[in-house]
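For the sequence shown, position 22 (counting from the first letter as 1) is numbered 777 according to our numbering, and the numbering increases by one without interruption. Positions of the beta carbon are idealized from the N, C-alpha and C atoms, including for glycine. Remarks on the structure that follows.
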Amino acid sequence: MAGGGGTNLENNYWPEDLLLSILATLPTKSLLRFKCVSMHWRSLIINPYFIEQHLETQQKKDYPHLIFAARASGTVLDMIFESMHMVLESMAIVDVEVGDEEGTKIRKGLKQNYSNISHLPCFGYFMSNSCDGIICFFGMINVFVYNPGTREFRTVKMQKKGFSPVYSGSIDFFDRIFPKDFFVGFGRDQVTNECKIIRLFTPKEENPIHECEVFTLSSDAGASWRGLGEVAYFIRAAQLPVYLNGALHWILDVRHANPSEVIVSFDLHAEKFQAISHPSCFSEVSDRRMLERMGLLSLRSSLCLVEGSYKGPPAQLNIWIMNQSNGIWEKMFSINWGLMTDGIALAFPIAELKDGTFLVLRSGRNLHIFDPESQSDSEVLIQHEKFVNYYAYPESLVPLYGKPLAEMRCHAKCCLG
């Protein structure tokens, strides 16, 4: 397509809307190469309208891409000098034909691609949320955002305000470790399409009230953090924010003053916090202790809540989903708790597949395919030797205005300068 006939395809035979529709179905790696076909193709591919069209097309694909972050193995000296690496592995889910005694069947498999992010030391770095194909990490001093599709990254230095060199950690319901006194979230403003980093921190150790700062990832080399002042909501420590429809979401702390408020959202365009409706099972004040056994997810393009229930037997992991049209919460499905724990860490859904099954991370190490109808782990895709964080994402051309992790060699005139 990008060979000797490229000029004819471009100028004589292909209506531009048809060309854009075809290009939108292609992986980012191909599109980055096709930017070198001509100046015209380059202008099409970097156009903000096409970037959104490509993202929307990729989000509709049957299978999401996956990425997991694990600590690279290291010696004792590595640990002392903090030179261990964060290893990222991106994976694509594919259908694979397998044969057995009953004949040929289709099963799910993975195509893998390892990336060693050597400039992310393990100590003090945590995984935040993902948004529109971009993954966010944060440490005590820096925030690191990375687009696995384009391999573009950007590092943003934290402000000294609210910074404490003494690390204080906390563990969530799924045995994931987080810093106790500050949060980082990442998302996109749906009006301007700008990427924004949100930082919540306690300016003083004895002060439980968070302050909020925002950093907009633009091409402006002089961009800096903007302070938004104190947050009126007492947000629970040790949790990942969930990005959905231009807003970040957190669960509130059990000590939050208003017992009717359970979940808070931050609108990335208006840059304001507000509480949202909550599932009916939390209508009683006495149920607020359940906040410590809850987590948020994004499934079916909706906000979902994972809640550990001891009302059994058997004990269950309940997944609730919020109807976006009316704000009413409904139970999506439940998981028998006995199936989902090995006494180490609970499992939670990562993404829904086209056949109604779910990718589930179990015990912090193993990636399963869970069938809610039969309440069974139908397949095990990965058994990892270390604790890992998995995220589902669509391939994306969303720019970070940063640097490529690995330079793409191209000498075409359209790519110079």
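Measure the C-alpha to C-alpha separation of Ala824 and Thr905 and round it to an integer number of angstroms.
On the sequence shown, residue 824 is found 69 positions in, with the first residue counted as 1. On the sequence shown, residue 905 is found 150 positions in, with the first residue counted as 1. Between Ala824 and Thr905, the C-alpha separation is close to 18 Å.
Are Leu821 and Met846 touching if we call contact CB-CB under 8 Å?
Counted from its first residue, the sequence shown places residue 821 at position 66. Counted from its first residue, the sequence shown places residue 846 at position 91. Yes, these two residues count as a Cβ contact at 8 Å.
Which of helix, strand or coil DSSP assigns to Arg1010
Your numbering for residue 1010 matches position 255 in the sequence shown. Looking at Arg1010 - three-state DSSP - the assignment turns out to be coil, as it is neither helix nor strand.
Starting from Gly924, follow its DSSP beta bridges and name the residues at the other end.
As a working mapping, residue 924 is identified with position 169 in the sequence shown. DSSP lists Pro934 as partners of Gly924.
Suppose you measure from the CA of Pro903 to the CA of Phe1021; what does that come to, to the nearest Å?
Position 148 of the sequence shown holds residue 903. Position 266 of the sequence shown holds residue 1021. So the two alpha carbons sit approximately 26 Å from each other.
Are the stretch 796-812 and the stretch 777-787 touching, with three or more C-beta to C-beta distances below 8 Å?
yes
From the DSSP output, which residues share a beta bridge with Phe956?
As a working note, residue 956 is residue 201 in the sequence shown. Phe956 pairs with Phe937, Glu966.
Only counting the same chain, and skipping five residues up and downstream in sequence, which positions put a Cβ closer than 6 Å to that of Ile896?
Looking up residue 896 in the sequence shown gives position 141. Only Met913 meet the Cβ criterion.
In chain order, what residues of the same chain have a beta carbon less than 6 Å from the beta carbon of Gln813, not counting five sequence neighbours either side?
Against the sequence shown, residue 813 aligns to sequence position 58. The answer, listed in chain order, is Pro1149, Glu1150.
Buried or exposed: Lys916, going by 16 or more other Cβ atoms within 10 Å of its Cβ?
The residue you call residue 916 lines up with position 161 of the sequence shown. Result: exposed.
Three-state secondary structure (DSSP) at Tyr804?
Here the question's residue 804 lines up with position 49 in the sequence shown. Helix at Tyr804.
Taking Cβ to Cβ, would you say Val712 is nearer than 8 Å to Asn1144?
The chain is shown from 756 up to 1172; residue 712 falls before or after that span and cannot be answered.
Specify, as a first and last residue, the run of the alpha helix (DSSP H) that Asp772 falls within.
Position 17 of the sequence shown, counted from the first residue, corresponds to residue 772. Its alpha helix (DSSP H) spans residues 771-778.
Could you pull the start and end residues of the alpha helix (DSSP H) that Arg788 belongs to?
To locate residue 788, count along the sequence shown from 1; it is residue 33. Arg788 -> alpha helix (DSSP H) spans 783-789.
Same chain, Cβ closer than 6 Å to His809, five either side skipped, listed in chain order:
Translated into the one-based positions of the sequence shown, residue 809 becomes position 54. Closer than 6 Å at Cβ, skipping near neighbours: Ala779, Leu1152.
Pair within 8 Å by beta-carbon distance, Leu999 and Leu1072
Here residue 999 corresponds to residue number 244 of the sequence shown, with the count starting at 1. Here residue 1072 corresponds to residue number 317 of the sequence shown, with the count starting at 1. Cβ atoms of Leu999 and Leu1072: not closer than 8 Å.
For Gln1071, the first and last residue of its enclosing beta strand (DSSP E)
Within the sequence shown, numbered from 1, the residue matching residue 1071 stands at position 316. Here the beta strand (DSSP E) through Gln1071 covers 1071-1077.
So for Thr971, helix, strand or coil by DSSP?
On the sequence shown, residue 971 is found 216 positions in, with the first residue counted as 1. Three-state result, Thr971: strand.
Would you kindly report the start and end of the unbroken beta strand (DSSP E) that includes His1123?
Position 368 of the sequence shown, counted from the start, is the residue given in the question as residue 1123. Here the beta strand (DSSP E) through His1123 covers 1121-1126.
Contact under 8 Å by Cβ, Leu843 with Ser885:
Taking the first residue of the sequence shown as 1, we reach residue 843 at position 88. Taking the first residue of the sequence shown as 1, we reach residue 885 at position 130. It is not a contact, given that the beta carbons lie outside the stated cut-off.
Looking only at its own chain, which residues have a Cβ that is under 7 Å from the Cβ of Met1077, when we skip the five neighbours before and after it?
Taking the sequence shown and counting its residues from 1, one reaches residue 1077 at position 322. Ser1057, Leu1058, Trp1084.
By how many angstroms is the C-alpha of Gly940 removed from the C-alpha of Val1184?
Missing from the structure shown is residue 1184; the chain here goes from 756 to 1172 and no further.
Alpha-carbon to alpha-carbon, Tyr880 and Asp936:
Along the sequence shown, read from residue 1 onward, the residue named residue 936 stands at position 181. Along the sequence shown, read from residue 1 onward, the residue named residue 880 stands at position 125. Cα-Cα distance, rounded: 14 Å.
Integer Cβ distance of Ile1124 from Pro1104, believed to fall under 8 Å
By one-based count along the sequence shown, residue 1124 stands at place 369. By one-based count along the sequence shown, residue 1104 stands at place 349. That belief does not hold up - the Cβ atoms of Ile1124 and Pro1104 are roughly 11 Å apart, past 8 Å.
Once you ignore the five residues that flank Arg954 on each side, which residues in its own chain have a CB closer than 6 Å to its CB?
Position 199 of the sequence shown, counting from 1, holds the residue named residue 954. So the qualifying residues of the chain are Val939, Glu968.
Thinking Lys860 and Val853 are a contact (beta carbons under 8 Å), I'd like their distance in whole angstroms, please.
Translated into the one-based positions of the sequence shown, residue 860 becomes position 105. Translated into the one-based positions of the sequence shown, residue 853 becomes position 98. Confirmed, about 6 Å.
In angstroms, rounded to a whole number, what distance separates the CA positions of Leu1160 and Asp1132?
As a working note, residue 1160 is residue 405 in the sequence shown. As a working note, residue 1132 is residue 377 in the sequence shown. Whole-angstrom Cα-Cα distance: 36 Å.
From Ser873, Phe899, Ser1089, pick the residue whose C-alpha is nearest to that of Leu972; which is it?
As a working note, residue 972 is residue 217 in the sequence shown. It is Phe899 whose Cα lies nearest to the Cα of Leu972.
From what residue to what residue does the beta strand (DSSP E) around Thr910 run?
Start at 1 with the first residue of the sequence shown, and residue 910 comes out as number 155. Per DSSP, Thr910 belongs to the beta strand (DSSP E) from 907-912.
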